[in-house]
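Under our numbering, think of the first position of the sequence shown as 9, with each following residue one higher. All C-beta atoms, glycine included, are put in the ideal place defined by N, C-alpha and C. Just so we're clear, the structure is a prediction, and the values are computed from it rather than from any experiment. The block underneath contains the structure these notes are about, expressed in structure tokens.
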Amino acid sequence: GCTGATLRHIAMLKACYSTQYFAPTHSRSMEKLVPIAQVLSKKALAELIEPQPINSHLLRDLHNPKLVDAFLVGEKPLATLQGFKWSEQLRDAVLAIHGGQLLAAEIAFKEGIAANVAQGFHHASYDYGSGYCTFNGLALIAQQYPHKRIFVLDCDQHGGNGTADFAERLPNLFNFTIYGLRFGHVDNERSIGRMIARDTGSFVQYQHALYEAFSQIINWQTDLIIYQAGVDCHQHDPFGSQWFDTSCLYQRDKLVFEFAKRMKIPLFFVLAGGYQELSQLVDLHVNTFVAAKQVYFPISEATIPSYKTYQNL
Numbered sequence: 009g010c011t012g013a014t015l016r017h018i019a020m021l022k023a024c025y026s027t028q029y030f031a032p033t034h035s036r037s038m039e040k041l042v043p044i045a046q047v048l049s050k051k052a053l054a055e056l057i058e059p060q061p062i063n064s065h066l067l068r069d070l071h072n073p074k075l076v077d078a079f080l081v082g083e084k085p086l087a088t089l090q091g092f093k094w095s096e097q098l099r100d101a102v103l104a105i106h107g108g109q110l111l112a113a114e115i116a117f118k119e120g121i122a123a124n125v126a127q128g129f130h131h132a133s134y135d136y137g138s139g140y141c142t143f144n145g146l147a148l149i150a151q152q153y154p155h156k157r158i159f160v161l162d163c164d165q166h167g168g169n170g171t172a173d174f175a176e177r178l179p180n181l182f183n184f185t186i187y188g189l190r191f192g193h194v195d196n197e198r199s200i201g202r203m204i205a206r207d208t209g210s211f212v213q214y215q216h217a218l219y220e221a222f223s224q225i226i227n228w229q230t231d232l233i234i235y236q237a238g239v240d241c242h243q244h245d246p247f248g249s250q251w252f253d254t255s256c257l258y259q260r261d262k263l264v265f266e267f268a269k270r271m272k273i274p275l276f277f278v279l280a281g282g283y284q285e286l287s288q289l290v291d292l293h294v295n296t297f298v299a300a301k302q303v304y305f306p307i308s309e310a311t312i313p314s315y316k317t318y319q320n321l
């Protein structure tokens, strides 16, 4: 095995995270971020990089300024439509997390891979937050890089309805969402949804949807993939699919990372949804980082999986 000394010389995934990312929520959406970051550090799965909170004028450019202004001061109902009780701590957490989105995109363009230890973007539309998502940090990247083609590969269990809304507003944003629960998602010219049934579906069907997304990524000449690596599709999640076990989640993540690496398309990922017991939740999210490390930072090239799966794309 490797000693600590040699490990320090191996390139490592950079993951954006700040202690400001935390605020109490009944859904554990932010509670999970703290122990996940601790495990990533302890197991040397990622180098944690602290972002600056986003400047609110960037959010006003993206969203209805009334929504942004209401959230900054806690003015109801707009400040709480996402489903969280408002506090200054929540506000600061949201601003820090969106700063992490900007930094993760910057790192991904430079290094090919990055992460933001964050949740909660894809239900936020132009006029309001929804479903534990205050602002749409996925659309934010398309807004920030108007001359780059930004492709959101959304593998959260819930359809990315807010991102679909922004795909109609931003010509350089494409949304491909694979879900078990529609959550109001409606397809449009640059937003494709694929529902895989929670009870009668299978991982084979899920893979077919992923391959369709991969073809779309290539055909659209994508400059950056944002991967929503949701774990709320896991079989033990209250929203999960009964056939979606831990090994399927790991395989999903590896397929996405292998594809992006092989095609040399920069990618950064976020944690997205997950609602089961906290210790299981942490393990499932950490597994995504394990998959990223195996694909992008193998200890020896011999451990890189073969790419035969994609020869027919």
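Roughly how many angstroms lie between the CA atoms of Tyr187 and Asp164, to the nearest whole one? Translated into the one-based positions of the sequence shown, residue 187 becomes position 179. Translated into the one-based positions of the sequence shown, residue 164 becomes position 156. So the two alpha carbons sit approximately 6 Å from each other.
Boundaries (first-last residue) of the alpha helix (DSSP H) holding Leu6: Shown here, the chain extends from 9 to 321; a query on residue 6 therefore has no answer.
Is it buried or exposed for Gln109, if we count other Cβ within 10 angstroms and need 16 for buried? Position 101 of the sequence shown, counted from the first residue, corresponds to residue 109. Per the 10 Å Cβ criterion, buried.
Only counting the same chain, and skipping five residues up and downstream in sequence, which positions put a Cβ closer than 8 Å to that of Gln250? Against the sequence shown, residue 250 aligns to sequence position 242. Answer for Gln250: Arg206, Asp207 and Gln243, listed in chain order.
Option in Lys156, Tyr153 and Phe129 with minimal Cα separation from Gly145: Mapped onto the sequence shown, residue 145 falls at position 137. The shortest Cα separation from Gly145 among Lys156, Tyr153 and Phe129 belongs to Phe129.
Do you know offhand how far Glu266's Cα is from Gly82's? In the sequence shown, counting from the first residue as 1, residue 266 sits at position 258. In the sequence shown, counting from the first residue as 1, residue 82 sits at position 74. Those two C-alpha atoms are separated by around 42 Å.
Between which two residues does the alpha helix (DSSP H) harbouring Tyr214 extend? On the sequence shown, position 206 is the one that residue 214 refers to. Tyr214: member of the alpha helix (DSSP H) spanning Phe211 to Asn227, first to last residue.
May I ask which residues mark the beginning and end of the alpha helix (DSSP H) holding Glu266? Taking the first residue of the sequence shown as 1, we reach residue 266 at position 258. Glu266 -> alpha helix (DSSP H) spans Thr254 to Met271.
Residue range of the beta strand (DSSP E) that includes Val160: Position 152 of the sequence shown, counted from the first residue, corresponds to residue 160. Its beta strand (DSSP E) spans residues Ile158 to Asp162.
Let me know if Ala19 comes out buried or exposed under the rule of 16 or more other beta-carbons within 10 Å of its beta-carbon. Walking along the sequence shown from the start, residue 19 turns up at place 11. Burial call: exposed.
For Pro274, count the other beta carbons within 10 Å of its own beta carbon; 16 or more makes it buried, fewer makes it exposed. Which is it? Sequence index remark: in the sequence shown, residue 274 carries index 266 (1-based). Per the 10 Å Cβ criterion, buried.
Starting from Glu55, follow the beta strand (DSSP E) in both directions and report where the run begins and ends. Translated into positions along the sequence shown, residue 55 becomes position 47. It spans Glu55 to Ile57 - the beta strand (DSSP E) in which Glu55 sits, taken as one unbroken run.
Closer than 6 Å by C-beta to Ala122: which residues in its own chain qualify, once you throw out the five before and the five after it? Chain order, please. Residue numbering aside, residue 122 sits at position 114 when the sequence shown is read from its first letter. So the qualifying residues of the chain are Lys22, Ala112, Ile115, Ala116 and Phe276.
Residue of His166, Leu279, Thr296 and Lys156 minimising C-alpha distance to Leu41: Walking along the sequence shown from the start, residue 41 turns up at place 33. It is Leu279.
Just the C-alpha distance for Phe105 and Ser223, rounded to the nearest angstrom, thanks. Position 97 of the sequence shown, counting from 1, holds the residue named residue 105. Position 215 of the sequence shown, counting from 1, holds the residue named residue 223. The amino acid at residue 105 is misidentified as Phe; the sequence shows Ile. So the alpha carbons of these two residues sit roughly 30 Å apart.
Do you know how far the Cα of Tyr153 is from the Cα of Gly403? Past the edges of the chain, shown from 9 to 321, lies residue 403, and the structure says nothing about it.
State the start and end residues of the unbroken alpha helix (DSSP H) segment that holds Val303. In the sequence shown, residue 303 corresponds to position 295, counting from 1. Leu286 to Tyr304 is the extent of the alpha helix (DSSP H) around Val303.
Regarding Ala112 and the ligand SAM, is the C-beta to nearest heavy atom distance less than 7 Å? Ligands in the displayed structure: none, and consequently the ligand SAM is not present.
If contacts are defined as beta-carbon pairs under 8 Å, then Val160 and Thr142 qualify, I think. What distance do you get, rounded to the angstrom? If you number the sequence shown from 1, residue 160 lands on position 152. If you number the sequence shown from 1, residue 142 lands on position 134. The Cβ separation is near 17 Å, so there is no contact.
Contacting residues, own chain, Cβ-Cβ under 6 Å from Arg202 (five flanking each side not counted): The sequence position of residue 202 within the sequence shown is 194, counting from 1. Answer for Arg202: Ile186 and Ala217, listed in chain order.
State the Cα-Cα distance for the pair Arg99 and Thr88, rounded to the nearest angstrom. Position 91 of the sequence shown, counting from 1, holds the residue named residue 99. Position 80 of the sequence shown, counting from 1, holds the residue named residue 88. When rounded, the distance between both Cα atoms is 11 Å.
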